[in-house]
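Contents: one structure, followed by commentary.
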Amino acid sequence: MLKRLMVVVCLVVLAGFTVNANTVQAETQKIAVMNIQKVLLQSSAGQKAKGVFEKRMNELQDKFKKEQDELVALQKEIEKKSSAWSKDKRGEKVRELQLKQREMQVKSEDAKMELRQLQDKELEPILKMLQTVVNGYGEKEGYSLILDSKVAVLYANPAVDISEAVKKELDIRLK
16 MLKRLMVVVC LVVLAGFTVN ANTVQAETQK IAVMNIQKVL LQSSAGQKAK
66 GVFEKRMNEL QDKFKKEQDE LVALQKEIEK KSSAWSKDKR GEKVRELQLK
116 QREMQVKSED AKMELRQLQD KELEPILKML QTVVNGYGEK EGYSLILDSK
166 VAVLYANPAV DISEAVKKEL DIRLK
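What follows is the structure, encoded as structure tokens:
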């Protein structure tokens, strides 16, 4: 009798596992990919941010162009006239060139930092809204997982790419 009861209990437990496994397999997992970089660069807010960034970058490049030209001119002057100059004059010009090169390097580093900060400032609100849009879109459309197609995705069928839909939603929300 006890043996029969154990066999029945084992069969019921085994049947329960089988039903659970089939239920899990029956659930469809909806997965999508999107290209975050593409969404950011093609969205209207991303285009605006890119324009602000490029404008400032061009301003800085124009500013440095003049100083770079002065450095090149000083270096050429040293190369051409150093043999005619006295040792003191040559040393003075070389120190002047080195000083200007260091100043240029410091200014260049400051400009890079300024551009990074500007980029972060311009992109932060867009990225926050993008996260909200992706979360909302994923919930609304029933996705289990949305991946960035440029990070660790080796292949994705173009049919699961939601980049364009997310970009449109982002544009709507950021108007």
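Just add 15 to wherever you are in the sequence shown, counting from 1, and you've got this note's numbering. We put the CB at the ideal spot given by N, CA and C, even for glycine.
Where does residue i land, buried or exposed, given buried means 16+ other C-beta within 10 angstroms?
i	result
Leu185	buried
Ser98	exposed
Val149	buried
Ser58	buried
Ser159	exposed
Leu55	buried
Ser164	buried
Asn50	buried
Ala88	exposed
Leu145	buried
Taking 6 Å as the limit between beta carbons, can you name the residues of its chain near residue i, skipping five residues before and five after?
i	result
Ala60	Ile141 and Leu189
Gly153	Ile161
Ala126	Leu75
Gly157	Lys45
Lys108	Ile93
Ala171	Val48 and Ser164
Who are the Cβ neighbours of residue i in its own chain at under 8 Å, not counting the five residues just before and after it?
i	result
Phe68	Leu130, Leu133, Gln134 and Glu137
Gly66	none
Glu111	Leu89
Among the options, which residue has its Cα nearest to the Cα of residue i?
i	options	result
Lys81	Met119, Glu154 and Gly153	Met119
Glu179	Lys53, Ile46 and Gln44	Lys53
Thr147	Lys182, Glu111 and Met72	Lys182
Lys155	Asn172, Ile177 and Glu139	Ile177
Leu86	Lys104, Gln116 and Ala171	Gln116
Ser123	Gln57, Lys70, Pro173 and Gln76	Gln76
Val121	Thr43, Lys96 and Phe79	Phe79
Met72	Glu107, Thr43, Met128 and Lys95	Met128
Residue i by DSSP, collapsed to three states: which one?
i	result
Leu185	helix
Leu169	coil
Ala99	coil
Ile177	coil
Ser58	coil
Lys65	helix
Lys190	coil
Could you name the residues that DSSP lists as bridge partners for residue i?
i	result
Met119	Note: Met119 sits in no beta bridge, so no partner.
Ala47	Ile161
Tell me which residues share the same chain as residue i and place their Cβ nearer than 7 Å to its Cβ, disregarding the 5 neighbours each side in the sequence.
i	result
Val168	Val48 and Leu162
Val175	Ile46, Ala47 and Val48
Asp84	none
Does the ligand ADP have even one heavy atom less than 8 Å from the beta-carbon of residue i?
i	result
Glu124	With respect to the ligand ADP, the structure offers nothing, as it holds no ligand at all.
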